[in-house]
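Heads up, the thing below is written out as structure tokens.
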Amino acid sequence: MNAGRPAASDAAIEFEALADDAWLLRLGRAIDDGLNARVHALAARLRLQAPSWLRDVVPAYASLAVFFDPFAIDAADARAWLRAQCEHAYAAAPSPAARTIEIPVAYGGEFGPDLHDSAAELGVSPQVLIARHSERDYTVAMIGFAPGFPYLSGLDPELALPRLATPRTAVAAGSVAIGGAQTGIYPRPGPGGWRLLGRTPLRLFDAARDAPSLLQPGDRVRFRPIDALEFARLQAAP
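Counting from 1, position 34 in the sequence shown corresponds to residue 33 in numbering that gives the first Met the number 0; the numbering is continuous, with no gaps.
Right, dumping it as structure tokens:
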């Protein structure tokens with residue numbers, strides 16, 4: 000991935016009508032750290048301006064969904080305002096400092112049933128795979144697929160793994176996995192086809208919390224290997 004500033008020829012932003020009350024701002028069409036940083040910078044700028052008609056800003060890898068109150072502003076006027084803000088997309092965004100959140104993970108065994116096969120496919124030992132997966136700093140590029148599911152950029156390219164040929168019908172909540180060139184965490188039980196390396200006892204999504212999602216786009220994440228005893232202790236903690 001290229002973390003550098005995009006070339007001027009890449010600066011054009013496409014507008015698509017996402018709904019009667021939403022515009023999709025497409026900044027590019029690639030999974031790229033620099034492009035994703037630009038998405039978050041623009042999101043931060045829009046939140047800072049916060050006109051009364053702005054309802055929500057939802058960043059993805061290379062696009063930004065902007066929801067507005069159609070009774071307070073015409074769609075064309077909202078688009079014109081947004082386009083004006085996009086002219087400042089390269090400006091230093093006054094966004095808050097990114098949070099760094101440590102995620103404890105019990106790797107292998109019942110927690111990560113794909114660890115050994117994944118290590119064998121990569122030509123390394125399970126211990127080396129754990130070390131290389133947990134030594135990296137990741138960025139929450141976007142939240143999607145399921146409430147609270149973080150797509151994390153920053154995976155070592157040499158650890159990229161194809162998804163399972165046959166997805167599982169049930170994946171445990173907290174499962175930490177690799178899917179292609181990304182790593183992520185399943186926040187709730189459900190189906191999934193990513194390679195399961197381990198599991199965290201932390202609850203990534205809780206609708207009863209003030210902030211339901213533990214992780215937010217732009218956060219930094221670092222995994223910390225733990226054993227089964229610490230997993231049980233943390234899982235039992237309030």
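Where is the CB? At the ideal position from N, CA and C, for every residue including glycine.
**Prompt:** Is the distance from the Cβ of Leu121 to the Cβ of Val65 below 8 Å?
**Reply:** no
**Request:** Decide if Ala71 is buried, meaning its Cβ has at least 16 other Cβ atoms within 10 Å, or exposed.
**Result:** exposed
**Request:** Using beta-carbon positions only, say whether Leu233 and Pro190 come within less than 8 Å of one another.
**Result:** no
**Message:** Which runs of the beta strand (DSSP E) at least 3 residues long sit entirely within the stretch 199 to 230? Give them in chain order.
**Reply:** 219 to 225
**Message:** Is the separation between the beta-carbon of Pro125 and that of His115 shorter than 8 Å?
**Reply:** yes
**Alpha carbon of Ala6 to alpha carbon of Gly217, nearest angstrom** = Interpretation of Ala6 is limited by its pLDDT of 36, a score under 50 that renders its predicted location unreliable; the figure taken from the coordinates is listed afterwards. Taking the straight line joining both Cα atoms gives about 22 Å.
**Request:** State the Cα-Cα distance for the pair Leu228 and Asp155, rounded to the nearest angstrom.
**Result:** 28 Å
**Prompt:** Assuming Ala171 and Pro149 make a contact with CB atoms under 8 Å, what is their CB distance in whole Å?
**Reply:** No, Ala171 and Pro149 are not in contact; Cβ-Cβ is about 16 Å, not under 8 Å.
**Request:** Would you mind giving the Cβ-Cβ distance between Ala105 and Arg198, rounded to the nearest angstrom? I have them listed as a contact below 8 Å.
**Result:** 6 Å
**Request:** Run the CB neighbour count on Ala176, radius 10 Å, all protein chains shown included, and call it buried at 16 or more, exposed below.
**Result:** buried
**Message:** Just to confirm the assignment, what range does the beta strand (DSSP E) spanning Pro103 have?
**Reply:** 99 to 106
**Exposed unless 16 or more other CB atoms sit within 10 angstroms - verdict on Gly315** = In the structure displayed, the chain extends from 0 to 237; residue 315 sits before or after that span and is not available.
**Message:** Out of Gly192, Arg135, Pro224, which one is the CA nearest neighbour of Thr165?
**Reply:** Gly192
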